[in-house]
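Asks:
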Amino acid sequence: MGTIQSGIASGRLPAADYEANFADLHAPLDRHEALVAADRCYFCYDAPCMTACPTAIDIPLFIRQISTGNPIGAANTIFDQNILGGMCARVCPTETLCEEACVRNTAEERPVEIGRLQRYATDRAMAEGRQFYTRAAPSGRSVAVVGAGPAGLACAHRLAMKGHNVVVYDCREKPGGLNEYGIAAYKAVDDFAAREVDYVTAIGGIEIKNGVALGRDLTLDGLSARHDAVFLGIGLAGVNALRIEGEDLPGVDDAVDFIAALRQSRTKTDIAVGRRVVVLGGGMTAIDAAVQAKLLGAEEVTICYRRGREHMNASAFEQDLAASKGVVIRHWLQPKRILARDGTVAGIEMEYTELADGRLAGTGETGALVADQILKAIGQTLDPTGIAGLALAGGRIVTDAQGRTSRENVWAGGDCVAGGDDLTVSAVAQGRDAAESIHLALSAEKPLAHAVA
Numbered sequence: 015m016g017t018i019q020s021g022i023a024s025g026r027l028p029a030a031d032y033e034a035n036f037a038d039l040h041a042p043l044d045r046h047e048a049l050v051a052a053d054r055c056y057f058c059y060d061a062p063c064m065t066a067c068p069t070a071i072d073i074p075l076f077i078r079q080i081s082t083g084n085p086i087g088a089a090n091t092i093f094d095q096n097i098l099g100g101m102c103a104r105v106c107p108t109e110t111l112c113e114e115a116c117v118r119n120t121a122e123e124r125p126v127e128i129g130r131l132q133r134y135a136t137d138r139a140m141a142e143g144r145q146f147y148t149r150a151a152p153s154g155r156s157v158a159v160v161g162a163g164p165a166g167l168a169c170a171h172r173l174a175m176k177g178h179n180v181v182v183y184d185c186r187e188k189p190g191g192l193n194e195y196g197i198a199a200y201k202a203v204d205d206f207a208a209r210e211v212d213y214v215t216a217i218g219g220i221e222i223k224n225g226v227a228l229g230r231d232l233t234l235d236g237l238s239a240r241h242d243a244v245f246l247g248i249g250l251a252g253v254n255a256l257r258i259e260g261e262d263l264p265g266v267d268d269a270v271d272f273i274a275a276l277r278q279s280r281t282k283t284d285i286a287v288g289r290r291v292v293v294l295g296g297g298m299t300a301i302d303a304a305v306q307a308k309l310l311g312a313e314e315v316t317i318c319y320r321r322g323r324e325h326m327n328a329s330a331f332e333q334d335l336a337a338s339k340g341v342v343i344r345h346w347l348q349p350k351r352i353l354a355r356d357g358t359v360a361g362i363e364m365e366y367t368e369l370a371d372g373r374l375a376g377t378g379e380t381g382a383l384v385a386d387q388i389l390k391a392i393g394q395t396l397d398p399t400g401i402a403g404l405a406l407a408g409g410r411i412v413t414d415a416q417g418r419t420s421r422e423n424v425w426a427g428g429d430c431v432a433g434g435d436d437l438t439v440s441a442v443a444q445g446r447d448a449a450e451s452i453h454l455a456l457s458a459e460k461p462l463a464h465a466v467a
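Just so you know, we're using the working numbering here: the sequence shown kicks off at 15 and counts up by one.
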C-alpha cells in the first residue's frame, strides 16, 4: 500500500475490486429491454415530461421511434435539441425532471425509464457514427467560445451548423469541462466524455485550443478584435473557503479536485483516500465525492450538511444512493474548526444548527468527528479573472433571455451565469439558445447591441 499522508493512502482494495466498484451505475438497455421500456409510454399529447426537460426534447416522439424499431431516428430527435444527449442521459437527475413529471410516476407505478431509453438511442447512433447535421454554406464569420464544457460545446456545434467558424478556448488539457472532470466516474465510465467531444466536433468548423485561459492568455478585448462574437461558458472555477481554523492542513481537500483526479485515473488504484472521511456539503458534488471515497475503500464516510435533508440540493435518489453505499448523512451540522495531530487532520469539530426566525443559526452545542481526510463541497464560485466590466449578480454573469451580457457581442451560458440551476442539461440549453441569438446577430446587417444594462 502506497501511503501518501498519515491516514490517507492509495491501493486500499484488491485491484479487481476497483473495476467492480466503478462499473456503470445504470447498465445500458439491450434491444429487448428498450422495447419493453418504450412500450410503457403513453405518448401523451401534452407531454409533461417534455415540459420538464430544459432542452425540450420531444420525449414521446423519440420513445415511439424506439418502440417501432427506429433507435437511429430517436437519436436524431434527441440530438436535434440536445447534441450532448448521450452524456445527459447518464448524468441528468431525471428523477427530478422528466421522470418525475411522467404520468406513470405514481404510488402504484414507476415512471418510464426516459434516461435509459435516451442513452439506448444516442449510444446506438454514436456507435454507428451516424451524423445528422451538415454545415451550412460558410458565413465568413468567426466566433470565440471560451470553455469546452457542455454550454460551450453545445454553442459551438449549433454555430458550426449555421456555417460559422468556431474556435473553442479551454484552460484544461482536455475538452469536455464538467463532463470530463466533474462527475462521478461510475456515471460515465471509460472515455465516453472524450468520445462525445469527438462526435460533436465531427460536424467540422470547430477548432479546440486547450491550455489557454481567459485572463492569463486571453482577454475579452483581444477575442473581440479577432472574432465577430464571443460566448463565455467558463463555468465555476473557484471553490468556496470554509474560513475556519485548520483549513490549510494536509488532508483537507477540495471535493472537485478529488473527483477530477478520479475521472482522469484509469485504474483508480492510484487515488489516495482516508480511512475516515468527512465530506462537507449537501449537493451533487458532496454525494459524488462521498460515494467514491467509499468505493475507494474508505472505512467510514460521513456527509455533514448544515441544514435538513429536505434542503439538500442533491436529489432524494442521490441521497439514497449514498446511503446504499454505506455513506452516513448527518444534518444540521456546520464546521467550527479542523483538529490536527502531528500536523495533519485528526478530526473536525462541528456545531449543531437550527432555523431561528427562518434563518440558520448555530446552537452553541458542538461535537467532534474523527477524520483523517476532509473534502470540501460547499459550492463553487465564478473566477472573475478576465471578465472585468461585465455586469454580475450574486457573483455570476448577468444575461438576458438570449444569453447576451452587458458587453456588446458577448454572450454567456452555463454555470457561470446568474439564475442557473447548475445542471448539465441546462448548460446545453443555454449554449444552444445563445448560438441561435449569435447567429441572428451575425446575420443582421448591423449586429444586435447588448441588452443588459
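Even for Gly, the Cβ is constructed at its ideal location relative to N, Cα and C.
Please read all numbers here as calculations on a predicted model, not as lab measurements.
Return the CA-CA distance between P461 and D397, expressed in angstroms with no decimal places.
Replies: Position 447 of the sequence shown holds residue 461. Position 383 of the sequence shown holds residue 397. Its pLDDT being 47, under 50, P461 is placed unreliably by the model, and the measurement read from it follows with that caveat. Whole-angstrom Cα-Cα distance: 28 Å.
Asks: Could you give the distance in angstroms between the alpha-carbon of L454 and the alpha-carbon of G166?
Replies: The residue labelled residue 454 in the question sits at position 440 within the sequence shown. The residue labelled residue 166 in the question sits at position 152 within the sequence shown. Distance between the alpha carbons of L454 and G166 is about 18 Å.
Asks: Could you check which residue in E313, A328 and G311 has the C-alpha nearest to that of Y319?
Replies: On the sequence shown, residue 319 is found 305 positions in, with the first residue counted as 1. Ranking the options by Cα distance to Y319, first place goes to A328.
Asks: Would you decide whether L374 is buried or exposed? Buried here means 16 or more other CB atoms lie within 10 Å of its CB.
Replies: For the purposes of this step, residue 374 is identified with residue 360 of the sequence shown, where counting begins at 1. Answer is exposed; the Cβ neighbour count stays below 16.
Asks: For G166, does the three-state DSSP call read helix, strand or coil?
Replies: Position 152 of the sequence shown holds residue 166. The answer is helix: DSSP assigns G166 an H, G or I state.
Asks: Give the range of the alpha helix (DSSP H) segment to which T215 is assigned.
Replies: Taking the first residue of the sequence shown as 1, we reach residue 215 at position 201. Here the alpha helix (DSSP H) through T215 covers F206 to T215.
Asks: Considering only residues of the same chain and omitting the five flanking positions on each side of G163, which have a CB-CB separation below 6 Å?
Replies: Locating residue 163 in the sequence shown gives position 149, counting from the first residue. Cβ neighbours of G163 beyond the five flanking positions: G191, L192, G247 and G249.
Asks: Checking 8 Å against the spacing of the C-beta atoms, do V159 and V126 come in under that value?
Replies: As a first step, residue 159 must be located in the sequence shown, where it is residue number 145. As a first step, residue 126 must be located in the sequence shown, where it is residue number 112. Not closer than 8 Å, so no.
Asks: Does the Cβ of E142 have 16 or more other Cβ atoms within 10 Å, making it buried, or fewer, making it exposed?
Replies: Residue 142 sits at position 128 when you count from the first residue of the sequence shown. Of the residues assessed, E142 falls on the exposed side of the cut-off, its CB having fewer than 16 other CB atoms within 10 angstroms.
Asks: On the CB-based measure, 16 or more other CB atoms within 10 Å of its CB, does V341 come out buried or exposed?
Replies: Counted from its first residue, the sequence shown places residue 341 at position 327. So V341 counts as buried.
Asks: Quick check on this structure: which residue in D436, G433, A88 and A441 has the alpha carbon closest to the alpha carbon of G427?
Replies: To locate residue 427, count along the sequence shown from 1; it is residue 413. Closest in C-alpha terms to G427, from the list D436, G433, A88 and A441, comes A441.
Asks: Between the beta-carbon of E187 and the beta-carbon of A208, is there less than 8 Å?
Replies: Translated into positions along the sequence shown, residue 187 becomes position 173. Translated into positions along the sequence shown, residue 208 becomes position 194. Against a cut-off of 8 Å, the Cβ pair of A208 and E187 comes out as no contact.
Asks: How close, in whole Å, do the beta carbons of N179 and G219 come, if the pair is a contact with beta carbons under 8 Å?
Replies: Here residue 179 refers to the residue found at position 165 when the sequence shown is read from its first residue. Here residue 219 refers to the residue found at position 205 when the sequence shown is read from its first residue. Right, their Cβ atoms sit about 5 Å apart.
Asks: For the region 268-278 against the region 411-427, are there 3 or more C-beta pairs whose distance is under 8 Å?
Replies: no
Asks: Less than 8 Å separating the beta-carbons of R421 and L406?
Replies: By 1-based counting over the sequence shown, the position of residue 421 is 407. By 1-based counting over the sequence shown, the position of residue 406 is 392. It is not a contact, given that the beta carbons lie outside the stated cut-off.
Asks: What number of angstroms, rounded off, separates the C-alpha of L234 from the C-alpha of S451?
Replies: Within the sequence shown, residue 234 is the residue found at index 220, counting from 1. Within the sequence shown, residue 451 is the residue found at index 437, counting from 1. Answer to the nearest angstrom: the Cα atoms are 19 Å apart.
Asks: Among G25, G434, T281 and A269, which residue has its Cα nearest to the Cα of A37?
Replies: As a position in the sequence shown, residue 37 is number 23, starting the count at 1. For the residues G25, G434, T281 and A269, the minimum Cα distance to A37 belongs to T281.
Asks: Go ahead and pull the three-state DSSP assignment for S451.
Replies: Looking up residue 451 in the sequence shown gives position 437. The answer is helix: DSSP assigns S451 an H, G or I state.
Asks: Excluding the five sequence neighbours on either side, which residues of its own chain have a C-beta within less than 8 Å of the C-beta of T136, listed in chain order?
Replies: What you label residue 136 is simply residue 122 of the sequence shown in a count that begins at 1. Closer than 8 Å at Cβ, skipping near neighbours: A89, I92, F93, G99, G100 and A103.
Asks: Distance check for V50 and T215, CA to CA, integer angstroms please.
Replies: On the sequence shown, residue 215 is found 201 positions in, with the first residue counted as 1. On the sequence shown, residue 50 is found 36 positions in, with the first residue counted as 1. Rounded to the nearest angstrom, the two C-alpha atoms are 33 Å apart.
Asks: Could you give the distance in angstroms between the alpha-carbon of R54 and the alpha-carbon of E368?
Replies: Mapped onto the sequence shown, residue 54 falls at position 40. Mapped onto the sequence shown, residue 368 falls at position 354. Roughly 44 Å between the two C-alpha positions.
Asks: Is the Cβ-Cβ distance between I217 and R138 less than 8 Å?
Replies: As a first step, residue 217 must be located in the sequence shown, where it is residue number 203. As a first step, residue 138 must be located in the sequence shown, where it is residue number 124. Taking 8 Å as the Cβ cut-off, I217 and R138 do not qualify as a contacting pair.
Asks: With 16 other CB atoms within 10 Å as the buried threshold, where does Q132 fall?
Replies: As a working note, residue 132 is residue 118 in the sequence shown. Counting Cβ neighbours within 10 Å, Q132 comes out buried, since at least 16 surround it.
Asks: Measuring straight from C-alpha to C-alpha, what distance separates Y200 and L39?
Replies: On the sequence shown, residue 200 is found 186 positions in, with the first residue counted as 1. On the sequence shown, residue 39 is found 25 positions in, with the first residue counted as 1. Roughly 5 Å between the two C-alpha positions.
Asks: Going residue by residue through the region 356-393, where are the continuous alpha helix (DSSP H) segments of at least 4 residues, counting only ones entirely within it?
Replies: none
Asks: For C318, report the span of its beta strand (DSSP E) as first-last.
Replies: The residue labelled residue 318 in the question sits at position 304 within the sequence shown. Taken as a continuous stretch (DSSP letters only), the beta strand (DSSP E) holding C318 covers E314 to C318.
Asks: Measure how close the beta-carbons of A286 and A23 come, nearest whole angstrom, since I'm counting them as under 8 Å.
Replies: Here the question's residue 286 lines up with position 272 in the sequence shown. Here the question's residue 23 lines up with position 9 in the sequence shown. Between A286 and A23 the beta-carbon gap is near 6 Å, inside 8 Å, which marks them as a contact.
Asks: At which residue ranges does the region 83-108 contain complete alpha helix (DSSP H) runs of 4 or more residues, listed in the order of the chain?
Replies: 85-95 and 99-105
Asks: Please state the DSSP three-state secondary structure of K176.
Replies: As a working mapping, residue 176 is identified with position 162 in the sequence shown. Looking at K176 - three-state DSSP - the assignment turns out to be coil, as it is neither helix nor strand.
Asks: Does the separation of the CB atoms of R344 and E313 fall below 8 Å?
Replies: For the purposes of this step, residue 344 is taken as the residue at position 330 of the sequence shown. For the purposes of this step, residue 313 is taken as the residue at position 299 of the sequence shown. The answer is no: Cβ separation not under 8 Å.
Asks: From the DSSP secondary-structure annotation, give me the bridge partner or partners of D267.
Replies: Taking the sequence shown and counting its residues from 1, one reaches residue 267 at position 253. L389, per the DSSP bridge assignment.
Asks: Reducing DSSP to helix, strand and coil, say where I71 ends up.
Replies: For the purposes of this step, residue 71 is identified with residue 57 of the sequence shown, where counting begins at 1. I71: coil per DSSP, three-state reduction.
Asks: When you compare the CB positions of E114 and A61, do they come within less than 8 Å of one another, or not?
Replies: Position 100 of the sequence shown, counted from the start, is the residue given in the question as residue 114. Position 47 of the sequence shown, counted from the start, is the residue given in the question as residue 61. The answer is no: Cβ separation not under 8 Å.
Asks: Distance check for L309 and V315, CA to CA, integer angstroms please.
Replies: Translated into positions along the sequence shown, residue 315 becomes position 301. Translated into positions along the sequence shown, residue 309 becomes position 295. Straight-line measurement puts the Cα of L309 at about 10 Å from the Cα of V315.
Asks: In whole angstroms, what separates the C-alpha of C169 from that of V211?
Replies: The residue given as residue 169 occupies position 155 in the sequence shown. The residue given as residue 211 occupies position 197 in the sequence shown. Rounded to whole angstroms, C169 to V211 spans 13 Å at the Cα level.
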